[in-house]
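A.B. asks:
Numbering (our numbering), first residue to last: 6 to 93.
1) Taking residue 9 as the reference, which of 91, 72, 66, 85 has the closest Cα?
2) So, helix, strand or coil for residue 1, using DSSP?
3) What is the rounded straight-line gap between the Cα of residue 68 and the Cα of residue 52?
4) Suppose you measure from the CA of residue 44 to the CA of residue 32; what does that come to, to the nearest Å?
5) Is residue 59 closer than 8 Å to residue 26 when the C-beta atoms are compared?
6) How is residue 22 classed by DSSP in three states: helix, strand or coil?
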């Protein structure tokens with residue numbers, strides 16, 4: 006059975022979005038404490054988009070693995086039934 010892994014590009018994109026969001030928060034907190042109010046919600050949005058990207062990528066890989074496992078189990082059951090009928 007082939008094991009499916011999450012898409013590497015999608016994982017990298019999700020991590021980059023989250024890092025950009027954290028950078029917005031760091032810039033807002035450290036360098037511009039009284040101004041640039043838009044950086045806080047922008048950072049939150051970027052972190053959420055990155056997390057959603059990672060979650061969707063994980064679910065897609067999990068679904069592919071589930072389908073592959075189901076196909077393998079179905080194939081094994083058919084082979085077992087075929088062997089039982091030949092035995093009789």
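We put the CB at the ideal spot given by N, CA and C, even for glycine.
C.D. replies: Reading it off the structure:
1) Nearest neighbour of residue 9 by Cα position, chosen from 91, 72, 66, 85, turns out to be 66.
2) As displayed, the chain neither begins before 6 nor continues past 93, which places residue 1 out of reach and without an answer.
3) Rounded to the nearest whole angstrom, the CA to CA distance from residue 68 to residue 52 is 24 Å.
4) One Cα belongs to residue 44, the other to residue 32, and the distance between them is close to 8 Å.
5) Taking the C-beta atoms as reference points, residue 59 is found no nearer than 8 Å to residue 26.
6) For residue 22, the three-state secondary structure derived from DSSP is helix.
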